[in-house]
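Data first, discussion second: the structure below is written as structure tokens.
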Amino acid sequence: MSPWILATEEAEQAVEAGITGGFWADTAGIMLVLPLVAFILILAFGKRLKNQGAELAIGALAINTLWATVLFIQNMTEGVLATYSFEIGRIGSDLVFELGWVVDGLSIMMYFLVSLVGLIVFIYAVGYMHGDVRVPWFFAAFSLFAGSMLILVGAPNLIQLIIGWEGVGLASYLLIGFYWEDMENVVAGNKAFMVNKVADVGLILGAIILGLAVGTFDFFEINTAAAEHLETLSTVAVIGGVLLFFGAMGKSAQFPLHIWLPDAMAGPTPVSALMHAATMVTAGIYLMARMFPLFQNLAEGTRPWMVAIGAVTLFALGLLALVTDDIKRVLAYSTVSQLGYMMTAVAAGGYTAGLFHLFTHAFFKALLFLGAGSVIHAVHSNNMSDMGGLRKTMPTTYWTFVVGSLSLAGVFPLAGFWSKDEILATLGSEGYTAVMWIAVAGAFVTAFYMTRAVALTFHGEYKGHGHPHESPRVMTGPLVALAIPAAIFGLLNIPGVDLPGIGNFTRWLAVRVVPMGDHHAEAIDFVIAGSGLLAALLGIALGWRIWGKDRETQVERDSLEIPVLYPLLRRKYYLDDLALGVVGATTGPIARLVNWINDYVIDGIVNGVGFLVKGLGSFVYGILDQRGIDGIVHGLSAAADGSGSAVRKWQTGRVQQYAASFVGGVLILIIVFVFVT
Amino acid sequence: MLVNQFLILAAGLFALGVYGLLVRRNIVLILLSVELMLNAVNINLIAFEAMIRSSDAVGQVFAIFVITVAAAEVGIGLAIVLMIFRNRKSANVDDMSLMRW
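So the protein lines, in turn, are chains A and B.
Quick note: the first sequence, position 564, residue 564 per the numbering used here, numbers continuous.
Just so we're on the same page, the numbering used here is the position in the second sequence counted from 1, plus 1000.
Structural data, given as structure tokens:
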């Protein structure tokens, strides 16, 4: 029997056993609504409030964090599993649209992540955005961002997922183009929106195909159907699944649809932090995990392609972080690379591995972005060539940034080490050995560019202007708050180790889905873990050797050129040029063709119709109206006029004439009566 | 009793009235001629009543009606004549062809 069906039965047993969550799960829908309420309230009253709406946004997410934390702990200790759906409409009699919320391991993990990271970033943003333009609008859009993501991860069906998905896209567009006075930022926002839109077409088509084929949009029924009726559904499942994967590629910035993400750095830094950690880019991975049984059932031919896309993303795009001077872009390429890890893992069958990396990555990447924001706040530049030597002046930022970097690089025993090792182990056990070694090489690259970033930013000599100083408490507090989970959360899922009383991360996620083929390692594979760690340490050592020493020559060494490779990387593999070229080359001729059709075909039709109508009109006016109808009217009046002028002559006004005609009439009557009758 | 002599008288009076109506130019004389014609009718009515002797004296009643109507008619007619004469200093019907086209 299919393992997925086994899982469904286990889930039913769980419902019978009563682990449905109780009050906190029953009211979890509040979490989906609160940020949206905050969004509306801030728009309406934000300007009049003391903190310009920040208190509303933070309040909403604080309540959410409370809810999510309680649910998270409940799920740790006893497990929570429930779905709440409310019908809002239907097509025909079968196809039902429902809204609601899901409370299971996966959703609770995402609620927790979005709420907690969101809360910390919001608090940080109070300091970062202080005195900036349009602060109420910023917090309103920020609330919309978080709220849309919660709607997305709470969705029990594809329809609600798409609603949240588009909401996230909209909010990201608004926030990336937040400083819309600069044309560049508007263009970046447009680019993000349009690339996402291209991918969204895949998502929507996939949802329609799967929904119509299965007869419902409900995730769990689609998953069950995918598992149970594999033979009859296989074609539909492959098409729908590939289309959904396309949507996930866009949102999660997989090669070659990643081109929007680095440009998305145009927004304020807290936006980047939230976008890269908890909301937006994780949506694609979440979708892959939510529909994991479907993707596991895709024909064997498509799965290696997904893994390959993830592998290309994680390695090739990681390299790009080596040549950018903008610290936020370094982190952006790092995110793309890490998303490649997650995608590779989920596609290869590592449900827990991918999600665990998503979980830890959210904390250390948010930490790194907030750290970068703190530095940018101090030196007023995004470029690392304007930084350097900030270790002394900004100690809190420095130490938290180092923790985040080491965690990202995968250094034992920080969080990134455990989650990356999990992915490597999954790839190894699933038989993707080559991809596993690419991932190990990716770990080396990761460590290499993060060392470069740390060295250029915090070591050497200060190269910028003015006197940078440590950021205020409201910004360093969140850094410390994120550094702790970035350091220790790896311990939640040490292979083969159950934490006393609460098990481990794998078990928390597995309440509903014990996914088919989730090969969670039961013990540490020291060879794989060792090679991953070794790659990371080598990367750090090499990076430190190049950029860390000798402060005078640091800059020259950074401008070092490796022929062929570096120009290629600086042009981002020509992908942006390719995308623009394809768009430019296709839209130009199409536009001209459409213009020609417009000028000659459509205008011809329009003019012909106009000519006909005009001819008809002059006929009606000249013949029918002027001659016909007017002729009748004029004829009648002329007849009345003529007869009137003829008859009135009789009216002479001479009394005796009237009397004479009167007498004459009487005589005629007498003659008639006497002689005729 | 014969009615012929009364009928001849009445016919003569009536013809006189018609003649006066058509020929006279003075408006008072025209009104007078109308009175002649009415009285000719009255004579006929009385004569036929005297011959038939109907039980409820229809002829005499009609004659009284005609006299009444004639009195009213002359009253209105003379009032009009008076107003015309005051305005136009003339009682000639040829000067009174105002009500025409």
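C-beta atoms are modelled at their ideal positions from N, C-alpha and C, and glycine is treated no differently.
Check each candidate in the options and name the one with the smallest Cα separation from residue i.
{"i": "A/MET265", "options": "A/VAL307, A/PHE295 and A/VAL330", "result": "A/VAL330"}
{"i": "A/PHE356", "options": "A/VAL411, A/GLY267, A/TYR432 and A/PRO495", "result": "A/PRO495"}
{"i": "A/LEU152", "options": "A/VAL103, A/ASN185 and A/VAL186", "result": "A/VAL103"}
{"i": "A/THR302", "options": "A/LYS47, A/LEU243 and A/LEU174", "result": "A/LEU243"}
{"i": "A/ILE488", "options": "A/ASP326, A/TRP399 and A/PHE412", "result": "A/PHE412"}
{"i": "A/PHE417", "options": "A/THR393, A/ALA434 and A/PHE364", "result": "A/PHE364"}
{"i": "B/GLY1017", "options": "B/ASN1026, B/LEU1036, B/ILE1008 and B/ALA1071", "result": "B/LEU1036"}
{"i": "A/VAL402", "options": "A/ILE423, A/THR451, A/ILE63 and A/VAL445", "result": "A/THR451"}
{"i": "A/ALA372", "options": "A/LEU43, A/MET288 and A/MET394", "result": "A/MET394"}
{"i": "A/ASP525", "options": "A/ARG545, A/ILE502 and A/GLY428", "result": "A/GLY428"}
{"i": "A/GLY53", "options": "A/ARG134, A/ASN595 and A/PRO304", "result": "A/ARG134"}
Per DSSP, what kind of secondary structure is residue i in: helix, strand or coil?
{"i": "A/ASN383", "result": "strand"}
{"i": "A/GLY503", "result": "strand"}
{"i": "A/TRP67", "result": "helix"}
{"i": "A/GLU470", "result": "coil"}
{"i": "A/LEU99", "result": "strand"}
{"i": "A/GLY89", "result": "strand"}
{"i": "A/THR83", "result": "strand"}
{"i": "A/ASP421", "result": "helix"}
{"i": "A/ASP200", "result": "helix"}
{"i": "A/VAL514", "result": "With a pLDDT of only 48 at A/VAL514, under the threshold of 50, the placement of this residue in the model should not be trusted; the figure read from the coordinates follows. If DSSP states are grouped into helix, strand and coil, A/VAL514 belongs with coil."}
{"i": "A/ASN297", "result": "coil"}
{"i": "B/ASN1092", "result": "strand"}
{"i": "A/ASP94", "result": "coil"}
{"i": "A/ASN598", "result": "helix"}
{"i": "A/ASN75", "result": "helix"}
{"i": "A/ASP326", "result": "strand"}
Quick check on residue i - is its C-beta less than 7 Å from some C-beta in chain B?
{"i": "A/GLN651", "result": "yes"}
{"i": "A/ARG627", "result": "no"}
{"i": "A/VAL655", "result": "yes"}
{"i": "A/ALA646", "result": "no"}
{"i": "A/ALA638", "result": "no"}
Going along the chain, which residues of its own chain have a beta-carbon closer than 6 Å to the beta-carbon of residue i, five neighbours each way excluded?
{"i": "A/TYR462", "result": "GLY388 and GLY389"}
{"i": "A/ALA213", "result": "VAL236"}
{"i": "A/MET343", "result": "GLN254 and GLY310"}
{"i": "A/MET280", "result": "VAL168 and SER172"}
{"i": "A/ALA188", "result": "ILE176, ASP263 and ALA266"}
{"i": "A/SER471", "result": "SER374 and HIS377"}
{"i": "A/LEU210", "result": "ILE222 and GLY240"}
{"i": "A/TRP180", "result": "VAL186"}
{"i": "B/ALA1047", "result": "VAL1003 and PHE1006"}
{"i": "A/PHE97", "result": "ILE88, GLY89 and ILE159"}
{"i": "A/LEU56", "result": "ALA38, LEU41 and ILE42"}
Can you confirm whether residue i, when its beta carbon is compared against all beta carbons of chain A, has any partner nearer than 7 Å?
{"i": "B/ALA1100", "result": "The sequence given here places Arg at residue 1100 of chain B; Ala does not occur at that position. It does: the Cβ of B/ARG1100 has a partner Cβ on chain A nearer than 7 Å."}
{"i": "B/VAL1093", "result": "yes"}
{"i": "B/SER1033", "result": "no"}
{"i": "B/SER1097", "result": "yes"}
{"i": "B/LEU1078", "result": "no"}
{"i": "B/LEU1022", "result": "yes"}
Counting only the same chain and skipping the five closest in sequence on each side, list residues whose C-beta sits under 7 Å from that of residue i.
{"i": "B/LEU1029", "result": "GLY1020"}
{"i": "A/TYR432", "result": "VAL307 and ALA348"}
Going by beta-carbon coordinates alone, are residue i and residue j separated by less than 7 Å?
{"i": "A/ASN157", "j": "A/ASP218", "result": "yes"}
{"i": "A/LYS682", "j": "A/SER381", "result": "Since the first residue of chain A shown is 1 and the last is 677, residue 682 of chain A is not available in this structure."}
{"i": "A/ALA345", "j": "A/THR426", "result": "yes"}
{"i": "A/PHE39", "j": "A/LEU116", "result": "no"}
{"i": "A/ASN383", "j": "A/ASP325", "result": "yes"}
{"i": "A/PRO35", "j": "A/GLY164", "result": "no"}
{"i": "A/LEU358", "j": "A/ILE285", "result": "yes"}
{"i": "A/PRO468", "j": "A/VAL379", "result": "yes"}
{"i": "B/ARG1088", "j": "B/ASP1095", "result": "yes"}
For residue i, I'd like the list of residues in its chain whose CB is within less than 8 Å of its CB, leaving aside the five on either flank, ordered along the chain.
{"i": "A/LEU441", "result": "Note that residue 441 of chain A is Ala in the sequence shown, not Leu. If we look at A/ALA441 and ignore the five residues flanking it on each side, its Cβ neighbours are PHE315 and ALA535."}
{"i": "A/LEU71", "result": "GLY21, TRP24, ALA25, ALA28, VAL80, VAL103, ILE108, TYR111 and PHE112"}
{"i": "B/ALA1057", "result": "GLU1049"}
{"i": "B/VAL1041", "result": "ALA1010, PHE1014 and VAL1066"}
{"i": "A/LEU274", "result": "VAL117, GLY118, VAL121, PHE142, PHE145, ALA146, MET280 and ALA366"}
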